[in-house]
Structures are given as structure tokens and as C-alpha cells.
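For reference, the structure discussed in these notes is given below.
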Amino acid sequence: MVNNRITNNIKRYKTEFPAGVRLVAVSKYHTLEQIQEAYAAGQRIFGESRVQELLLKREQLPVDIEWHFIGHLQTNKVKHIAPFIALIHSVDSLDLLKETNRCAAKNNRIIDCLLQLHIAEEETKYGFSFEELRKILVCNEWLELKNIRICGLMAMASFTEDENQIRNEFASLKAFYEELKVGIFANSPEFKELSMGMSSDYSIAIEQGSTLVRIGSGVFV
Ligand SMILES: *Cc1c(COP(=O)(O)O)cnc(C)c1O
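Throughout the sequence shown, residue numbering follows the numbering used here, covering 75 to 295 in sequence.
See below:
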């Protein structure tokens with residue numbers, strides 16, 4: 075029996091998602107063969123969370139793949155992905171934003187970034203608090219960074235079965251996004267993305283206004 079599992083998964087998500095919601099196929103830990111099957115099914119956006127793994131895969135896969143970086147990024151590794159990365163979802167410090175800007179300038183590019191917020195109850199997840207980010211954004215230092223574009227926000231909800239908690243966390247990110255969109259980013263049409271939702275909670279995320287859904291196991295397993 076021919077196994078079209080990945081193809082079917084991709085098609086199912088594409089049919090299910092409302093207009094304006096894009097699928098980021100999270101290919102970390104998955105093989106070139108699996109990524110190629112998703113590619114053949116029409117998927118072009120892939121997300122990776124480790125620099126080394128991303129570089130190795132990119133070398134061997136079609137050049138029109140749009141690579142997104144979704145994991146914690148160390149400042150000393152930005153230079154490796156700066157020549158090609160399409161979107162960094164996980165900018166979680168001003169230093170990382172500055173280094174991204176520096177590497178983008180070196181490559182004559184403008185790199186699209188999302189700012190990662192901490193909305194989950196777990197201590198271990200990366201990201202700014204709403205308060206921290208407000209402080210950074212009113213400081214205007216980031217406005218001098220001409221080689222990055224802040225295109226929106228990203229966050230992960232708590233790892234819990236409690237759907238109400240997940241819904242409340244996504245809703246808090248959406249509300250913060252709306253606050254920035256009519257405030258600091260009022261004149262920035264590129265500020266339009268909300269990256270939230272994974273395999274287990276993507277339907278709640280979409281209901282709460284997600285535009286970029288990051289799905290790994292739901293596509294590849
Ligand atoms: C791994 C990962 C995902 C995908 O998780 P699944 O549960 O496999 O869908 C999404 N976002 C981030 C940041 C990840 O690290």
C-alpha cells in the first residue's frame with residue numbers, strides 16, 4: 075500500500091484553514107524524504123528550530139522553500155541563517171534583534187521577524203513578557219534597525235489539556251497584538267502576523283486570530 079499520509083495531512087490542513095491562515099510545516103527531526111513529500115504536496119513554508127539541522131537540510135532541498143526559524147536562536151548563530159531565512163518567529167531579546175539587523179545588513183537584506191511573547195504558565199519557555207516588550211518598544215532604539223521588519227508576534231500556549239486556559243492565553247496575545255497594531259505599529263502595514271498554534275491547539279489558535287500555524291507532528295507523524 076502506498077502511504078500518502080503526509081500528503082493527506084497537508085491537504086486536510088489546507089482545506090480546513092480559513093483564508094489568511096498559513097501553515098508552517100515544522101520539519102525539525104523529520105527526514106529529507108518526509109519534507110520532500112510535503113513539498114510535492116505543495117507545501118512551501120517549513121519551520122526548523124536548530125541552526126545546524128536547518129543548514130544541512132536546506133543544502134539538499136529545493137531552493138524555493140521558504141524557511142522559517144521557530145526555535146530559540148543564539149545571537150552567535152544568526153550569521154549562518156541571515157543570508158536566506160524568510161522569517162524568524164522567535165526573537166526574544168533586543169540583542170537578538172540588533173544582531174539580526176547587523177547580519178541582515180551584511181547580506182544586503184531586510185529580515186522579517188516576529189517578537190516572541192511568554193504567555194504560558196511554564197517557566198522554561200522563552201519570550202518577552204508584555205511589560206518587557208512595551209518598555210523596549212517605547213524606547214525607539216529598535217526604530218534605528220533598518221534591516222529588520224517586525225511583522226508581528228509569536229507565542230506558545232501552556233502544555234495543558236485545559237482548553238479554556240489555552241484559549242485565554244491565545245486571547246491575551248491577540249489583545250496585546252491589537253494594542254500594538256493601533257499603537258506603536260499603527261503606521262506599519264507589515265505588522266500583521268500572529269504566529270500561534272501547534273498540532274494540539276491549532277484550532278483554538280485559529281479561532282483566536284492566528285495567521286501562522288506551526289504544525290509538526292500533525293503533518294509528519
Ligand atoms: C516543535 C515546535 C512546533 C510544532 O510542534 P508539534 O506539536 O509537533 O506540532 C511548533 N512551534 C515550535 C516553536 C516548536 O518548537
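Backbone N, C-alpha and C define an ideal beta-carbon position, used for all residues, glycine too.
- Exclusion of the five residues before and after Glu111 leaves Ile80, Thr81 as the residues of its chain whose Cβ lies within less than 7 Å of its Cβ.
- Residue pairing by DSSP places Glu140 opposite Ile119 in a beta bridge.
- Not one heavy atom of ligand 1 sits closer than 6 Å to the Cβ of Gly271.
- Taking the Cα positions, Thr285 is about 6 Å away from Gly94.
- Judged by DSSP secondary structure, Glu267 falls within the beta strand (DSSP E) whose first and last residues are 267-269.
- Below 8 Å, enough C-beta pairs join the region 187-205 and the region 161-168 to call them touching: three or more.
- Distances from the CA of Pro92 to each of Ser167, Ile144, Ile278, Ala156 were compared; the closest alpha carbon is that of Ile278.
- Bridge partners of His192 according to DSSP: Met230.
- Taking the Cα of His142 as reference, the smallest distance to any Cα among Arg124, Ile193, Val293 is reached at Arg124.
- Taken in chain order, the whole beta strand (DSSP E) runs of length 3 or more contained in the region 144-193 are 161-165, 185-192.
- Counting other Cβ atoms within 10 Å of its Cβ, Ser269 reaches 16 or more and is therefore classed as buried.
- Within the same chain, and ignoring the five residues on either side of Pro157 in sequence, the residues whose Cβ sits closer than 7 Å to its Cβ are Asn181.
- The secondary-structure analysis by DSSP pairs Arg223 across a beta bridge with Asp186.
- Between ligand 1 and Ile144, a heavy atom-to-CB distance of less than 6 Å is present.
- The count of Cβ pairs closer than 8 Å, one atom from the region 191-198 and one from the region 236-247, reaches three, so the stretches are in contact.
- Restricting attention to Ser203, Leu135, Leu207, Lys266, the CA atom closest to the CA of Cys225 is found in Lys266.
- Assigned with DSSP and collapsed to three states, Val98 falls in strand.
- Between Ala99 and Val287, the C-beta spacing is not below 7 Å.
- Thr174 sits close to Ile222, with the two beta carbons spaced by under 7 Å.
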